[in-house]
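S.K.: Per numbering that gives the first Met the number 0, residue 0 is the first one in the sequence shown, and the count goes up by one each step. Let me give you the structure first, and then I'll get to my questions.
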Amino acid sequence: MSNNQAPVSDPTNPPRRQFTRQRRQLTAGERRHLAQMASLHLIKLQQCLPPHARIALYYDGFGELPTQPILDWCQRLQYRAYLPVVGSLGSNDKRLRFVPIYHSKLTNVPTRIHRLGMPQNHSRKLLWARELDVIICPLVAVDKQGNRMGMGGGFYDTTLGKSYKSGASRPLKIGWCYDFQVVEQLARQPWDVPLDGLITPNGIKWFKPNNSKKANDSAEEKVSSADTVDTYLQTLGNDDAREMLYYSQEQSFSSDELSRVINEARLNELLAQSDEFLDGLSGEIEDFDEDDTK
0 MSNNQAPVSD PTNPPRRQFT RQRRQLTAGE RRHLAQMASL HLIKLQQCLP PHARIALYYD
60 GFGELPTQPI LDWCQRLQYR AYLPVVGSLG SNDKRLRFVP IYHSKLTNVP TRIHRLGMPQ
120 NHSRKLLWAR ELDVIICPLV AVDKQGNRMG MGGGFYDTTL GKSYKSGASR PLKIGWCYDF
180 QVVEQLARQP WDVPLDGLIT PNGIKWFKPN NSKKANDSAE EKVSSADTVD TYLQTLGNDD
240 AREMLYYSQE QSFSSDELSR VINEARLNEL LAQSDEFLDG LSGEIEDFDE DDTK
């Protein structure tokens with residue numbers, strides 16, 4: 000495939016909306032409960048870490064498994080926690096850098112809204128990924144071999160690609176998600192960086208080093224992860240694509256586009272109408288059953 004040709008999405012991969020919508024259907028209480036269950040398995044990650052380890056996590060602003068329990072764990076063990084910052088070296092630089100967290104609650108971290116739509120904390124004390132011991136990676140889906148499906152912007156793959164290709168043992172790349180986000184197998188692109196481990200409410204899983212890395216090295220040299228993914232996203236012009244971009248936190252578009260993609264009040268209205276319709280349908284079925292027995 001030439002550099003100017005947009006990649007074709009693999010039809011074997013499930014649609015991202017399948018997972019993002021399922022995440023958003025959970026209540027806040029359900030999310031907190033599942034996150035607490037997942038946090039019980041962090042002790043097994045602790046066994047791999049040095050004292051005062053540096054651990055990056057992320058804001059869970061789009062229905063993801065909440066990351067506050069990770070911050071609580073870091074503070075109990077005196078680990079140093081960090082949050083990602085996008086575009087610290089300019090809007091065209093896709094490498095993430097990481098800022099320390101000085102608050103006990105993520106909701107109390109002073110932030111400003113980045114142009115891509117997500118809150119960010121800004122500080123002069125920014126670290127590169129290579130300076131961290133662990134990066135907790137956001138994901139939409141992950142397979143049983145550790146291949147991660149992100150939202151297509153290429154930020155984490157671009158940030159971690161160099162250390163992965165070099166065989167560096169740090170930072171550890173750990174997924175953090177609901178169990179329903181784990182699938183049997185995902186198609187792997189040449190630029191994808193697999194996870195080292197995965198934590199879900201059901202447990203922790205470690206992945207073997209990906210044997211396909213060397214075979215893909217030549218392809219990675221020819222194809223720029225970020226540029227190729229950007230080209231692909233630019234070919235998508237429908238509402239589903241804009242929704243994908245919004246939930247990725249990894250592309251910029253206007254406030255008018257945002258309002259067309261996400262209207263929470265309208266979404267709640269539609270859900271209420273749906274519940275009302277189903278309740279009415281249930282009543283009609285019960286009436287029908289009663290009439291049938293007369």
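Here a beta-carbon is modelled for each residue, glycine too, at the ideal position from N, C-alpha and C. Since the model is a prediction, treat every value here as computed from it, not as a measurement.
Rounded to a whole number of angstroms, what is the C-alpha to C-alpha distance between W127 and Q17?
M.R.: Taking the first residue of the sequence shown as 1, we reach residue 127 at position 128. Taking the first residue of the sequence shown as 1, we reach residue 17 at position 18. Approximately 33 Å, taken between the alpha carbons.
S.K.: Tell me the residue span of the alpha helix (DSSP H) that contains G152.
M.R.: Translated into the one-based positions of the sequence shown, residue 152 becomes position 153. First-last for G152: undefined, no H or E at that position.
S.K.: Using only the alpha-carbon positions, how far apart do P65 and K161 sit?
M.R.: Stepping through the sequence shown from its first residue, residue 65 is reached at position 66. Stepping through the sequence shown from its first residue, residue 161 is reached at position 162. Each residue's Cα considered, the two are about 28 Å apart.
S.K.: Could you give the C-beta distance for I173 and L194, rounded to a whole number, given that I count them as a contact under 8 Å?
M.R.: On the sequence shown, position 174 is the one that residue 173 refers to. On the sequence shown, position 195 is the one that residue 194 refers to. Confirmed, Cβ separation roughly 7 Å.
S.K.: Quick check: V98 and V85, are their CB atoms within less than 8 Å of each other?
M.R.: Here residue 98 corresponds to residue number 99 of the sequence shown, with the count starting at 1. Here residue 85 corresponds to residue number 86 of the sequence shown, with the count starting at 1. Cβ atoms of V98 and V85: not closer than 8 Å.
S.K.: By how many angstroms is the C-alpha of R169 removed from the C-alpha of L95?
M.R.: Start at 1 with the first residue of the sequence shown, and residue 95 comes out as number 96. Start at 1 with the first residue of the sequence shown, and residue 169 comes out as number 170. Between L95 and R169, the C-alpha separation is close to 16 Å.
S.K.: Using 8 Å as the Cβ pair cut-off and three pairs as the minimum, do the segment 142-161 and the segment 188-202 touch?
M.R.: Output reads yes: the segment 188-202 touches the segment 142-161.
S.K.: Go ahead and pull the three-state DSSP assignment for C73.
M.R.: Here residue 73 is taken as the residue at index 74 of the sequence shown, counted from 1. If DSSP states are grouped into helix, strand and coil, C73 belongs with the helices.
S.K.: Where are the beta strand (DSSP E) runs, 3 residues long or more, that stay fully inside the segment 18-63, in chain order?
M.R.: Runs of the beta strand (DSSP E) inside the segment 18-63: 53-55.
S.K.: Just the Cα atoms here: how many angstroms apart are C73 and R79?
M.R.: Along the sequence shown, read from residue 1 onward, the residue named residue 73 stands at position 74. Along the sequence shown, read from residue 1 onward, the residue named residue 79 stands at position 80. Going by the C-alpha atoms only, they are around 7 Å apart.
S.K.: Quick check: E183 and D142, are their CB atoms within less than 8 Å of each other?
M.R.: Along the sequence shown, read from residue 1 onward, the residue named residue 183 stands at position 184. Along the sequence shown, read from residue 1 onward, the residue named residue 142 stands at position 143. Yes, these two residues count as a Cβ contact at 8 Å.
S.K.: Determine the burial state of G152: buried for a count of at least 16 other Cβ atoms within 10 Å of its Cβ, exposed for fewer.
M.R.: For the purposes of this step, residue 152 is taken as the residue at position 153 of the sequence shown. With 16 or more other Cβ atoms within 10 Å, it is buried.
S.K.: Going by beta carbon distance, what residues of the same chain come within less than 6 Å of Q180, once the five residues before and after it are set aside?
M.R.: Here residue 180 refers to the residue found at position 181 of the sequence shown. Correct list, in chain order: F18, A140.
S.K.: For C79, report the span of its beta strand (DSSP E) as first-last.
M.R.: Walking along the sequence shown from the start, residue 79 turns up at place 80. Cys is not the amino acid found at residue 79; the sequence shown has Arg there. R79 -> beta strand (DSSP E) spans 79-84.
S.K.: In this structure, how does DSSP classify I261 when only helix, strand and coil are distinguished?
M.R.: As a first step, residue 261 must be located in the sequence shown, where it is residue number 262. Because the pLDDT at I261 is just 44, under 50, the model does not fix this residue reliably, and the value given afterwards should be weighed accordingly. Residue state, collapsed to three classes: coil.
S.K.: What is the residue span of the beta strand (DSSP E) that A140 lies within?
M.R.: Taking the first residue of the sequence shown as position 1, residue 140 is located at position 141. It spans 140-142 - the beta strand (DSSP E) in which A140 sits, taken as one unbroken run.
S.K.: Between which two residues does the beta strand (DSSP E) containing W205 stretch?
M.R.: The sequence position of residue 205 within the sequence shown is 206, counting from 1. Unbroken beta strand (DSSP E) run through W205: 202-205.
S.K.: Which residues in the same chain have their Cβ closer than 6 Å to the Cβ of H102, if we skip the five residues on either side of it in sequence?
M.R.: In the sequence shown, the residue the question calls residue 102 occupies position 103. So the list reads V108, once near-sequence residues are dropped.
S.K.: Of the choices G62, Q35, I54, P13, whose alpha-carbon is the least far from that of T26?
M.R.: Within the sequence shown, residue 26 is the residue found at index 27, counting from 1. The option with the nearest alpha carbon to T26 is G62.
S.K.: So, helix, strand or coil for G166, using DSSP?
M.R.: As a position in the sequence shown, residue 166 is number 167, starting the count at 1. DSSP places G166 in coil when its eight states are reduced to three.
S.K.: DSSP three-state label for K161, please.
M.R.: Within the sequence shown, residue 161 is the residue found at index 162, counting from 1. If DSSP states are grouped into helix, strand and coil, K161 belongs with the helices.
S.K.: Give the DSSP-derived three-state secondary structure of L194 in the structure shown.
M.R.: Here residue 194 refers to the residue found at position 195 of the sequence shown. Coil.
S.K.: Check each candidate in S38, C47, K204 and name the one with the smallest Cα separation from L70.
M.R.: Taking the first residue of the sequence shown as 1, we reach residue 70 at position 71. Per the Cα distances, S38.
S.K.: When the Cα atoms are used, what is the spatial distance from H51 to D132?
M.R.: Position 52 of the sequence shown, counting from 1, holds the residue named residue 51. Position 133 of the sequence shown, counting from 1, holds the residue named residue 132. About 10 Å.
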